[in-house]
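Undergrad: My questions all concern the structure below.
There are 2 protein chains.
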Amino acid sequence: MQKIISVDKDNLEAIAIGGAVLGSGGGGDPYVGRLMTNQILEKAEPVKVIEVESLNDDELILPIAMMGAPTVMMEKFPSGNEFTQLVSMMEKLMQKKVSAILCIEAGGLNSTIPFVAAAKLGLPIVDGDAMGRAFPELQMVSFTLGGITATPMAMIDDKGNGATFDTISNQWTEKLARALTIQMGGSAMVSLYPVTAKDCKKYLIKNSLSLIHYIGNVVKEHSFNAYQILAKELHGKHLFQARVRDVERTAGEGFTRGVVKLEGIGDFIGRSAKLDFQNEFLIAMEGETVLATTPDLICLFDANTGEPVTTEAMKYGLAVNVLGLPCDPIWRSKEAIDLVGPKYFKYDVEYKPL
Amino acid sequence: MQKIISVDKDNLEAIAIGGAVLGSGGGGDPYVGRLMTNQILEKAEPVKVIEVESLNDDELILPIAMMGAPTVMMEKFPSGNEFTQLVSMMEKLMQKKVSAILCIEAGGLNSTIPFVAAAKLGLPIVDGDAMGRAFPELQMVSFTLGGITATPMAMIDDKGNGATFDTISNQWTEKLARALTIQMGGSAMVSLYPVTAKDCKKYLIKNSLSLIHYIGNVVKEHSFNAYQILAKELHGKHLFQARVRDVERTAGEGFTRGVVKLEGIGDFIGRSAKLDFQNEFLIAMEGETVLATTPDLICLFDANTGEPVTTEAMKYGLAVNVLGLPCDPIWRSKEAIDLVGPKYFKYDVEYKPL
């Protein structure tokens, strides 16, 4: 896997596609995200991608993200000016200048949006993230496992309303920020988990931007066969080949939730499966058999084009390949499973690694 | 009416009783508030009550209040330490030291709670408020009419979670802060509408602490006849004498809402009336006839003891006198009626001053 060192309009495409794969169905349509990020990158210098080791221990790294239901986020993509306001709110709270931007998740829109902030502010972006994928709730980051607090956190909406938080736990930050996200119309721009480079070096899931860049290029090159290459290269498993037979989808409580019913095709003919999602896919079941659960990734690829399929883009009749990808090893400790495993999401199922 | 110049355990009693009268049914039980405020005042110097004119124009005045459903507030009275945190959050946001504390409303618990803050911090309290009564929503203050913004605003809960706001309008502050109040368990301590003495001199409803102190003393002295004295002295109207026949009460969306049904006694025998409340009483109706509506005050007095009756204390069989009191003249402009009149609360009724 080749490391990326800068991002412009051209290689942003691969990042957006790879981000949609690790988005595990969540995080919004990467095409929309890419088109909008392109607008900013057209007028700005390429964004430098750096390794966290290149920063001094006391330098400040600021994650930037969009919070809310992807269904809503797609309608309210940032203009770019929000970031200037967000970063200045955080610098005021932290009493320190920011040295680099970070993606809190290497999936969905949140793998491209921070490039808008970085381009706009002329800051580099760190190669890595705090999930190694996308997760639906804000406490679900490697930083939480390292005892790093989500606050001080800043949040703004598209109308210009701003809020900051200082909470007693990352679960409380999620609860309070989610309630405001709903009031703000279902999505908001946030900056949270301000970290020193020292802490970031310890708890970052490294090279995930290079990874999604690589994944995106595999998809571009191998189209409908990409899922097979990725299964092999990333030690994943081909779980199902199917047509979408039903999609239930509701946006509420600040999330997009739903269920997808799949009817097997090809080698899977005569079988059926079901996927549940809360922004991201949480569990894949064939009857009573669990095929895969969070924190492992459940990724859908259009069987004809090979492109990743988000929960927004799923529709009746679409032929898909379902791939299970192992999560980053950090998510497999007992503590991590408590934070992001199936029981947290109320499934009475033990997590079994893919 | 005599001006009060300091508040200790002794005259806090009259303030709490008078505050319950102008609380117009809302704002929580004054006895509980007084007992708890007493605990603080026992260990502190009396709180100096000052006129806003005694401050220099550029000095900072900080309103302190409890936000939420009175039903919940009663269970979570402050320890006193929250205020130190709140004031320090606000001083950081304002980059300025606070010179005096202010009651945002001269009704209910919020007419006594700021004394806890003032005593704890050794600060004086300004004789006045921004409502001349209690209202249920935070944008319903004379400051809004003067174009003064509610933010920067700070908010903390009993667990130690804190948030700050910077919004585009006072209605947005209400919306966002209310959502957090609900997540924080139904009530929170807040500081908002930080004002310079210059602005405060313009938009303050003056002497309202002296007024509730006076009202409280009338109640103490004249017991069950107090409502008659107050009707005369404050140009009010005796609207009804009745027994409570039914009380519906729900706490939700950050408010206590309900309806009280009254059956006439004494001169009102054979007649019936209905009072609606959202924290405070909003409207009194006899059949289709409107007896009084917000912004005028609808105040209940126990017919036997003369004590003011809050919506929490209402119960089947209680004999009450219902008094209508004219609101401060500031609430009678068209702009003010839009902000706090019956139509805002979805009553299809024109406001007719008492």
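Going down the list, the sequences are from chains A and B.
Quick note on the numbering used here: the first sequence kicks off at 59 and runs consecutively.
Quick note on the numbering used here: the second sequence kicks off at 59 and runs consecutively.
Cβ coordinates follow ideal geometry from the N, Cα and C atoms, glycine included.
Assuming F201/A contacts A188/A (C-beta within less than 8 angstroms), just tell me the rounded distance between them.
TA: As a first step, residue 201/A is located in the first sequence; it is residue number 143 there, counting from the start. As a first step, residue 188/A is located in the first sequence; it is residue number 130 there, counting from the start. F201/A to A188/A, Cβ: 5 angstroms. Contact.
Undergrad: By DSSP, does Y202/A sit in helix, in strand, or in coil?
TA: On the first sequence, residue 202/A is found 144 positions in, with the first residue counted as 1. Inspection of the sequence shows that residue 202/A is occupied by Thr rather than by Tyr. DSSP places T202/A in helix when its eight states are reduced to three.
Undergrad: With a 10 Å radius around its C-beta and 16 neighbouring C-beta atoms as the bar for buried, classify I327/B as buried or exposed.
TA: Position 269 of the second sequence, counted from the first residue, corresponds to residue 327/B. Looking at its Cβ environment, which holds fewer than 16 other Cβ atoms inside 10 Å, I327/B is exposed.
Undergrad: With distances taken from CA atoms, which of M247/A, S266/A and V253/A is nearest V79/A?
TA: If you number the first sequence from 1, residue 79/A lands on position 21. Answer by Cα proximity: S266/A.
Undergrad: If the cut is a Cβ gap below 8 angstroms, which residues of chain B does L413/A touch?
TA: No information on residue 413/A is available, as it lies outside the stretch 59 to 412 that chain A covers here.
Undergrad: For P366/B, which of D304/B, G312/B and A284/B has the nearest alpha-carbon?
TA: Position 308 of the second sequence holds residue 366/B. For the residues D304/B, G312/B and A284/B, the minimum Cα distance to P366/B belongs to A284/B.
Undergrad: According to the neighbour-count rule (16 or more other Cβ atoms, all chains shown, within 10 Å of its Cβ), is G180/A buried or exposed?
TA: Here the question's residue 180/A lines up with position 122 in the first sequence. It counts as exposed.
Undergrad: Alpha carbons only, please: which of W389/A, S169/A and K404/A is nearest the one belonging to M198/A?
TA: If you number the first sequence from 1, residue 198/A lands on position 140. The option with the nearest alpha carbon to M198/A is W389/A.
Undergrad: Applying the 10 Å Cβ sphere with the 16-neighbour rule, what's the burial state of G81/B?
TA: One-based indexing of the second sequence puts residue 81/B at position 23. That one is buried.
Undergrad: Please list, in chain order, all residues of the same chain as C385/B whose beta carbon is under 7 angstroms from its beta carbon, the five residues on each side excluded.
TA: Counted from its first residue, the second sequence places residue 385/B at position 327. Same-chain partners within the cutoff: G190, R191, P353, D354 and L355.
Undergrad: Measuring alpha carbon to alpha carbon, tell me which residue in Q229/B, E117/B, K295/B and S137/B is nearest L203/B.
TA: Locating residue 203/B in the second sequence gives position 145, where the first residue counts as 1. Comparing Cα-Cα distances from L203/B to each of Q229/B, E117/B, K295/B and S137/B, the minimum goes to Q229/B.
Undergrad: Can you say whether G165/B is buried or exposed, counting buried as having 16 or more other CB atoms within 10 angstroms of its CB?
TA: For this step, residue 165/B is matched to residue 107 along the second sequence. Label assigned to G165/B: buried.
Undergrad: Could you name the residues that DSSP lists as bridge partners for V90/B?
TA: Mapped onto the second sequence, residue 90/B falls at position 32. Bridge partners of V90/B: none, in fact.
Undergrad: List, in chain order, every chain C residue whose beta-carbon is nearer than 8 angstroms to that of I226/B.
TA: Going by chain labels, chain C is absent from the structure shown, which instead holds the protein chains A and B.
Undergrad: Would W230/B count as contacting chain A if we go by Cβ distances under 9 angstroms?
TA: Here residue 230/B refers to the residue found at position 172 of the second sequence. Cβ-Cβ to chain A under 9 angstroms: yes for W230/B.
Undergrad: Would a C-beta distance cut-off of 9 angstroms place F403/A and N379/A closer than the cut-off?
TA: Position 345 of the first sequence, counted from the start, is the residue given in the question as residue 403/A. Position 321 of the first sequence, counted from the start, is the residue given in the question as residue 379/A. It is not a contact, given that the beta carbons lie outside the stated cut-off.
Undergrad: So R329/B is in the alpha helix (DSSP H); what residue range does that whole segment cover?
TA: Taking the first residue of the second sequence as position 1, residue 329/B is located at position 271. Note, R329/B: premise wrong, no alpha helix (DSSP H); not H, not E.
Undergrad: G324/B: buried (16+ other C-beta within 10 angstroms of its C-beta) or exposed?
TA: By one-based count along the second sequence, residue 324/B stands at place 266. G324/B should be labelled exposed.
Undergrad: Three or more C-beta pairs under 8 angstroms: does that hold for the segment 132-151 of chain A against the segment 216-228 of chain A?
TA: Cβ pair count under 8 angstroms is three or more, so yes.
Undergrad: Please determine if the segment 310-321 of chain B and the segment 329-343 of chain B are in contact, where contact requires at least 3 C-beta pairs separated by less than 8 angstroms.
TA: Yes, they touch.
Undergrad: Using only alpha-carbon positions, find the residue among Y374/B, R307/B, R236/B and N275/B that is nearest to G126/B.
TA: Taking the first residue of the second sequence as position 1, residue 126/B is located at position 68. That would be R236/B, whose Cα lies nearest to the Cα of G126/B.
Undergrad: If I287/B sits next to G76/B, beta carbons under 8 angstroms apart, how far is it from one beta carbon to the other, in whole angstroms?
TA: Within the second sequence, residue 287/B is the residue found at index 229, counting from 1. Within the second sequence, residue 76/B is the residue found at index 18, counting from 1. Between G76/B and I287/B the Cβ distance is about 13 angstroms, and since that is not below 8 angstroms, they are no contact.
Undergrad: Quick one: Cα of P411/B to Cα of V156/A, how far?
TA: For the purposes of this step, residue 411/B is taken as residue 353 along the second sequence, with counting starting at 1. For the purposes of this step, residue 156/A is taken as residue 98 along the first sequence, with counting starting at 1. Going from the Cα of P411/B to the Cα of V156/A covers about 57 angstroms.
Undergrad: Under the assumption that I62/A contacts V107/A (Cβ atoms under 8 angstroms), give the Cβ distance between them as a whole number of angstroms.
TA: The count along the first sequence starts at 1 and reaches residue 62/A at position 4. The count along the first sequence starts at 1 and reaches residue 107/A at position 49. 5 angstroms between Cβ atoms; contact.
Undergrad: Between the Cα of E163/B and those of Y251/B, K67/B, L151/B and D224/B, spot the shortest distance and give me the residue it belongs to.
TA: Against the second sequence, residue 163/B aligns to sequence position 105. Looking at the Cα atoms, Y251/B is the closest of the given residues.
Undergrad: By Cβ distance below 7 angstroms, which residues in the same chain neighbour I73/B in space, the five residues on each side in sequence not counted?
TA: Here the question's residue 73/B lines up with position 15 in the second sequence. Closer than 7 angstroms at Cβ, skipping near neighbours: V65, S169, T170, L267, I270, H271 and G274.
Undergrad: Taking the alpha-carbon positions, what's the M147/A to A300/A distance?
TA: Here residue 147/A corresponds to residue number 89 of the first sequence, with the count starting at 1. Here residue 300/A corresponds to residue number 242 of the first sequence, with the count starting at 1. Taking the straight line from one Cα to the other gives about 47 angstroms.
Undergrad: I need the boundaries of the alpha helix (DSSP H) containing E232/B, first residue and last residue.
TA: Locating residue 232/B in the second sequence gives position 174, counting from the first residue. Element bounds for E232/B: N228 to Q241.
Undergrad: Among P121/B, G205/B and G138/B, which has the Cα closest to the Cα of E149/B?
TA: To locate residue 149/B, count along the second sequence from 1; it is residue 91. The residue with the shortest Cα to Cα distance from E149/B is P121/B.
Undergrad: When the Cα atoms are used, what is the spatial distance from K264/A to D185/A?
TA: For the purposes of this step, residue 264/A is taken as the residue at position 206 of the first sequence. For the purposes of this step, residue 185/A is taken as the residue at position 127 of the first sequence. If you take the alpha carbons of K264/A and D185/A, they lie about 6 angstroms apart.
Undergrad: Given a cut-off of 9 angstroms, decide if R303/B and L320/B are closer than it, judged by their beta-carbon atoms.
TA: Locating residue 320/B in the second sequence gives position 262, where the first residue counts as 1. Locating residue 303/B in the second sequence gives position 245, where the first residue counts as 1. Cβ atoms of L320/B and R303/B: closer than 9 angstroms.
Undergrad: Which one or two residues does DSSP pair with M213/B in a beta bridge?
TA: Counting from 1 along the second sequence, the entry for residue 213/B is found at position 155. In DSSP, M213/B forms a bridge with A221/B and V248/B.
Undergrad: Enumerate in chain order the residues of its own chain whose CB-to-CB distance from A371/A is below 7 angstroms, with the five nearest sequence positions on each side excluded.
TA: The residue labelled residue 371/A in the question sits at position 313 within the first sequence. D87.
Undergrad: If distances are taken between C-alpha atoms only, which option among M152/B, A177/B and I119/B comes closest to L99/B?
TA: Position 41 of the second sequence, counted from the start, is the residue given in the question as residue 99/B. Closest by alpha carbon: A177/B.
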